[in-house]
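Heads up, the final residue of the sequence shown is numbered 650 in the working numbering, and it's a clean run with no missing numbers. Here the structure comes first, spelled out in structure tokens, and everything after it is commentary.
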Amino acid sequence: MTNRFAHTGPLRSRSPLATLVWLVIALAICLSVTIINRTPTAYFDTGLYLTRGENTLQTLGLAPKQKAADESGTADPKAAAKGAAKGNAGADDDRTTSGSRSLFYAVFLASALTFADLRMVPILQACALILTILISVRTIVRRYDLSMSPPALTALAAAGAAMGSAPFYVAFLMPDIFAPILLLVVAGFVAFIADMLPWERAALFVLAAVAVMTHPSHLAIALVLVPPALLGIVLFRRPRKLLAAVMVVGIPLAGLAEHMAVRTAVKTVVHSDVVYTPFLTARLIVDGPGLEYLHATCPNPEVASCALLPMLNEPQRVTPYNILFEKQPDLGSLALLPKETQRQIMAEQVDFAKNVFTSKPLSVFAAVTRNTLIQLRKYSAGTTITEPRELSAIRRSAFDLPPHFDDARLSTRQPWMDQTNTLHAAAYAVSTVLILSLVLWPRSGLPLQLRCWALFLLVGIIANAFVCGAVSQPAARYGARVLFLLPMAAVLLVAVRPAIQSSTAARFVKPKTSIPSE
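Written out as structure tokens, the structure reads:
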């Protein structure tokens, strides 16, 4: 019997030193923004993640508890800042805990700060991205028996990703970098699972499981991708279809299992209920169908969201941020309501969405489509850059970040940011046209599997736009976090296409037979 993986010569013939050099180059490319900036970049939610993570480590006895005052009785500002954020990150006074920020990623950040250094986080995030790319490249080289170095191709793919926003999200102390990792894994399972080694499948599944645990939107993307992935697996007749289906379905199941485990742990340890910020309710209200439903339904004691209606009487109040977070009496809504009413609105958001869709299906479909298209056009790596005022806000109300954040060099007020956005836009446009040309042109020379892989990356980008734009709100940060997959995939396809054509042609060349002399 022939071993399917016997033709792995190109993967084993490279010297360890060359492999190390290429991977170090890939790592340096991914860390370029971190190196230039001299420190990772942060977002306001970074402080809330750190606070929640530290609270969790303290609850588990893995980190010392912060004293509220020093020995002289002077208040500790660091402890005060954490206490101020506790309502957002830990258990609230009404015995609820926010599930909108991943406990997994919170503990990851807090562990890096407590046991090592936050500057280790971009390195670990870069390694996760590089490992995902490397396994994808190894599979492609093995499948088509290419005499190309997988580490060198990985470095080339990393350079393609750096034409977009990849280094910015590697440096970002937020879970966004795991969204493109998830898309790469699912695309790999759909197109190439039969060509992967067992350890590669296991590694990719672990990376995808981690991805869906780092943010609720990643779990939603994984769920949205299940139907098109199963359809692709069925239509694309390749071995191990059942294994591919199990892997694709298993990814969101791992995320759901983590959510259930967190709910059980929070209920058992801190006697609190996990609640989720009603982004879906706010999105439907802002888009129109939700507001029309409230006008037609309220007053109704069985619909907790009716409590929002009296405060939605002016246009400036009908924005996602004002509905969910604003506390000023003339602008806010949810945050001005009693805690119990807030909890009820959070708990009913799925039922609210179902009722709105039932009553206004065409309006909801139109709004979802519009927001998805808007999200596809919104992208800017500038949303990852930490400005001094944002740093002050994080320290004042969320977490006392380490001093090295004050050494940051990058700012969105510098001219390079506009130039970078222009270059990224050009890279995304050119790579999209190139990918579609190679995938759809019958004589492009790309094998069916590679076309499927590239096409499913595009499907994943659309799924990201659907989840973030239609469920939350269109934002440049959500678009830029996955669009660097376009130049990365384009560079990789262009690099391997000639080698695949040569390898294919060589298989069909008949050896010349010598004519014996008389």
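No residue lacks a Cβ here, since even glycine has one placed at the ideal position from N, Cα and C. Keep in mind that this is a model prediction, so the values were computed, not measured.
Residue range D405 to V407 is occupied by the beta strand (DSSP E) that includes D405. Counting other Cβ atoms within 10 Å of its Cβ, H556 reaches 16 or more and is therefore classed as buried. Straight through space, the alpha carbons of A258 and R629 are spaced by roughly 26 angstroms. Contact between A608 and K510 is confirmed by a C-beta separation of about 5 angstroms, below the 8 angstroms threshold. With respect to the C-alpha of G292, the residue from R233, L568, T346 and Y560 having the closest C-alpha is Y560.
Secondary structure at F324: helix, using DSSP grouped into helix, strand and coil. Residue pairing by DSSP places T173 opposite F304 in a beta bridge. Under the three-state reduction of DSSP, T229 is assigned to strand. The residue among H536, A627, D419 and L587 with its C-alpha nearest the C-alpha of L357 is L587. Under the DSSP assignment, A290 falls in the alpha helix (DSSP H) whose first and last residues are P282 to A294.
Spatial neighbours of R583 in its own chain (CB-CB distance under 6 angstroms, excluding positions within 5 residues in sequence) are listed in chain order as V571. Y276 carries a coil assignment under DSSP once its states are collapsed to helix, strand and coil. In the structure shown, V153 adopts helical secondary structure according to DSSP, grouped into three states. Selection V435, R251, L182 and F337 evaluated against K486 yields V435 as nearest (Cα-Cα).
Here A597 has T504, Q507 and L508 as same chain residues with Cβ atoms under 6 angstroms from its own Cβ, once five neighbours each way along the sequence are excluded. In this chain, the alpha helix (DSSP H) harbouring A397 covers K373 to V401. Contact check for G185 against L241 passes: the beta carbons are separated by less than 8 angstroms.
With contact defined as three or more Cβ pairs closer than 8 angstroms, the segment 148–158 and the segment 278–287 are in contact. Taking a C-beta distance under 8 angstroms as the contact criterion, A326 and P360 do not qualify as a contact pair. In this structure, F537 sits near T518, with a CB-CB distance shorter than 8 angstroms. Proximity to N553 across M295, T191 and S230 peaks at M295, based on C-alpha coordinates. Here the alpha carbons of R541 and P452 stand approximately 32 angstroms from one another. In this structure, P421 lies near A499, with their beta-carbon atoms less than 8 angstroms apart.
Listed in chain order, the non-local C-beta contacts of L155 below 6 angstroms within the same chain comprise P283, local neighbours out to five positions each way being set aside. Take S465, set aside five residues on each side of it, and the residues of its chain with a beta-carbon closer than 7 angstroms to its own are L440, M443, L444, R449, N454 and I455, in chain order. Judged by their CB atoms, L624 and I567 are not nearer to each other than the 8 angstroms cut-off. DSSP assignment within the segment 458–492 yields the following whole alpha helix (DSSP H) runs of 4 residues or more, N-terminal first: 471–479 and 481–491. Residue burial is scored here from C-beta neighbours: I417 has at least 16 other C-beta atoms within 10 angstroms and is therefore classed as buried. Straight-line measurement puts the Cα of L355 at about 8 angstroms from the Cα of V381. In the assembly as shown, E332 is a buried residue. Its beta-carbon has 16 or more other beta-carbons within 10 Å.
By the C-beta criterion, the segment 301–319 is judged not to be in contact with the segment 271–278, since fewer than 3 inter-stretch pairs fall below 8 angstroms.
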